[in-house]
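S.K.: This is the structure I want to talk about, given as structure tokens.
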Amino acid sequence: MSLSDADKKALDASWKKLTAGADGKKNAGINLVLWMFANVPNMRAQFSKFNANQSDDALRGDAEFVKQVNVIVASLDGLLQSVNNPGQLQANLDKLAKSHVNLKIGLEFFGPLQQNIHSFIESALGVGAGSDEPKAWANLIAAFNDTLKKA
Ligand code: HEM
């Protein structure tokens, strides 16, 4: 699965929109990770440095959770900044896939993420299901999952 020009444009524009403003990256990251916990079955149980079964409000105030969010945001930021540089994008995808393979986190988690990510993007950006942004994010996760299968 490779990204089309429309995907690349939509990813670039939507990441800028999602992360705009003071604390934009941190807030977008917290919202995304809380959404993943609710929409990727059994994800919560994989984290040992904080209790992922706490309420959303408790997680927002948990320093170890916020640390994990920052790690995820930094990684996503690198991915999104490389969408127009296919070699760099693939290198970033390879690195992220290897990290998760080493943690034994595979398609049982990233498959549902690929299937569901469109709904996070639709509500975060206020766009319809047929628009470019949700499709582009699903395609980005699909590209990651292709990489994960080979890692
Ligand atoms: C947007 C998607 C995601 C991004 C960008 C991301 C990124 C990362 C990064 C950069 C790390 C650190 C890896 C290292 O230290 O080498 C990590 C750790 C981890 N990720 Fe992900 N991740 C994502 C989704 C997921 C999903 C869906 C799961 C499902 C269970 C998951 C589970 C984990 C776990 C368990 C760790 C180890 C945390 C720890 O230090 O205890 N990640 N992730």
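When you read off a place in the sequence shown, starting at 1, and then add 572, the result is the number in the working numbering. Yeah, the Cβ is synthetic: ideal placement off N, Cα and C, and Gly gets one too.
#1: Between Gln640, Gly683, Phe692, which has its C-alpha nearest Thr719's C-alpha?
#2: For Pro613, I'd like the list of residues in its chain whose CB is within less than 7 Å of its CB, leaving aside the five on either flank, ordered along the chain.
#3: Do the CB positions of Ile713 and Gln686 come within less than 8 Å of each other?
#4: According to DSSP, is Val641 helix, strand or coil?
#5: Give a yes or no on whether the C-beta atoms belonging to Leu651 and Asn664 are separated by under 8 Å.
#6: Which of the three DSSP states is assigned to Gly700 in this structure?
#7: Tell me which residue opens and which closes the alpha helix (DSSP H) that Ala585 is part of.
#8: Is the Cβ-Cβ distance between Leu575 and Val699 less than 8 Å?
M.R.: Quick answer:
#1: As a working note, residue 719 is residue 147 in the sequence shown. Per the Cα distances, Gly683.
#2: In the sequence shown, the residue the question calls residue 613 occupies position 41. Once the five neighbours on either side are set aside, the close Cβ partners of Pro613 are Pro684.
#3: Looking up residue 713 in the sequence shown gives position 141. Looking up residue 686 in the sequence shown gives position 114. A contact, by the Cβ cut-off of 8 Å.
#4: Position 69 of the sequence shown holds residue 641. Val641 falls in the helix class under three-state DSSP.
#5: In the sequence shown, counting from the first residue as 1, residue 651 sits at position 79. In the sequence shown, counting from the first residue as 1, residue 664 sits at position 92. The answer is yes: Cβ separation under 8 Å.
#6: As a first step, residue 700 is located in the sequence shown; it is residue number 128 there, counting from the start. DSSP places Gly700 in coil when its eight states are reduced to three.
#7: Mapped onto the sequence shown, residue 585 falls at position 13. Element bounds for Ala585: 577 to 590.
#8: Here residue 575 corresponds to residue number 3 of the sequence shown, with the count starting at 1. Here residue 699 corresponds to residue number 127 of the sequence shown, with the count starting at 1. Not closer than 8 Å, so no.
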